[in-house]
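So the structure is just underneath, and the comments pick up after that.
In the working numbering, the protein residues as written are 2 to 107.
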């Protein structure tokens, strides 16, 4: 017959371990969420937006974003999409003529 004490200790230790792992994941997720809410985008994006506002650019294109921020096409696309999701920029046009404007401007 198997000792009951060692089996119950094993399950208690396992439960404690699982709880500790889940608690650690919760703390990490909470930290990431707080950081995201404090500053939803990078300094690079802030600088680029400041440039476009300062120069009163009515249209922002992917190509223009690449030149200002010195990033790849893929990174420029992600940056712009991020700003569209946060409703800072609004997409206008389709295909090769697509451009973006500040959401509060018409």
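Every residue, glycine too, gets a C-beta built ideally from N, C-alpha and C.
Given residue i, which residues of its chain have a CB within under 6 angstroms of its CB, disregarding the five upstream and five downstream residues?
i          : result
residue 99 : none
residue 46 : 80
residue 28 : none
Considering only residues of the same chain and omitting the five flanking positions on each side of residue i, which have a CB-CB separation below 8 angstroms?
i          : result
residue 81 : 61, 63, 66, 90 and 101
Between the beta-carbon of residue i and the beta-carbon of residue j, is there less than 9 angstroms?
i          : j          : result
residue 70 : residue 49 : yes
residue 53 : residue 18 : no
residue 95 : residue 85 : no
Report all residues from its chain with a CB closer than 7 angstroms to the CB of residue i; omit the five preceding and five following residues, and keep chain order.
i           : result
residue 107 : Unreliable placement is indicated for residue 107, whose pLDDT of 49 sits below 50; the coordinate value is still reported in the next sentence. Once the five neighbours on either side are set aside, residue 107 has no close Cβ partner at all.
residue 88  : 104
| query | What alpha helix (DSSP H) runs, 4 residues minimum, are completely inside the region 43-105? | reply | 44-55, 63-70 and 74-86
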